[in-house]
Amino acid sequence: MPRVLLPLCMSLLVEEESVTPMDRSWQPVALCRGNHSHLFFPPTTSERKDERERRELRAKAVCRVCPVQNDCLEYAMESTEQYGIWGGFTETERRQLPAAIRRRIPAAV
Ligand code: SF4
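Numbering of the sequence shown is given in the working numbering, commencing with residue 321 and proceeding in unit increments.
(1) Tell me the rounded alpha-carbon separation between ARG384 and GLN347.
(2) Rounded to whole angstroms, what is the Cα-Cα separation between THR410 and GLY404?
(3) What does a CB cutoff of less than 6 Å around ARG378 pick up in its chain, not counting 5 residues either side in sequence?
(4) Using CA atoms only, rank isn't needed, just tell me which of GLN416, PRO418, GLY407 and VAL382 is closest to ASN355.
(5) Sorry if obvious, but does the Cβ on ALA277 come closer than 7 Å to a heavy atom of the ligand SF4?
(6) For the alpha helix (DSSP H) that ALA381 lies in, which residues bound it at each end?
(7) Could you tell me the boundaries of the alpha helix (DSSP H) in which TYR403 lies?
(8) Report the option in TRP406, ARG415 and PRO363 whose CA atom is closest to the CA atom of ASP391.
Pasting the structure below:
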């Protein structure tokens, strides 16, 4: 599967039966679907720092006007998404979210 189809394609992976399915009803209106999807993950080839910064800024601009930004961020936190921009946050930024915010979102069991 081409990497540019992420992040929505990643969420289509089958969950283990013991895991409570997470709400994905927000995904059909996600603005990163289609033509913008290449902005949310690094390319399979190398990417210079300035290129990455420009790509991430463009992705975050899409997230800022996305109607499901909060749902997306909660999903990413709940599913501990390791890669990509979700809800306007890079993976590094998500790891650095204050613990108080993280505690608001129930951990995936
Ligand atoms: S907030 Fe960003 S990553 Fe999340 S669905 Fe919207 S556009 Fe996609």
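Beta carbons are placed, not taken as given, at the ideal position from N, Cα and C, and that holds for glycine.
For clarity, every value in this text was computed on a predicted model and none was experimentally measured.
Quick look at the numbers:
(1) Reading the sequence shown from its first residue, position 64 is the one you call residue 384. Reading the sequence shown from its first residue, position 27 is the one you call residue 347. Cα to Cα, ARG384 sits roughly 16 Å from GLN347.
(2) Here residue 410 is taken as the residue at index 90 of the sequence shown, counted from 1. Here residue 404 is taken as the residue at index 84 of the sequence shown, counted from 1. C-alpha separation (whole angstroms): 6 Å.
(3) Position 58 of the sequence shown, counting from 1, holds the residue named residue 378. Non-local beta-carbon contacts of ARG378 in its own chain, meaning distances under 6 Å to residues more than five positions away in sequence, involve LEU359 in chain order.
(4) Position 35 of the sequence shown, counted from the first residue, corresponds to residue 355. The shortest Cα separation from ASN355 among GLN416, PRO418, GLY407 and VAL382 belongs to VAL382.
(5) Since the first residue of the chain shown is 321 and the last is 429, residue 277 is not available in this structure.
(6) On the sequence shown, position 61 is the one that residue 381 refers to. Segment 369 to 384, the alpha helix (DSSP H) holding ALA381.
(7) On the sequence shown, residue 403 is found 83 positions in, with the first residue counted as 1. Element bounds for TYR403: n/a, residue is neither H nor E.
(8) Residue numbering aside, residue 391 sits at position 71 when the sequence shown is read from its first letter. The option with the nearest alpha carbon to ASP391 is TRP406.
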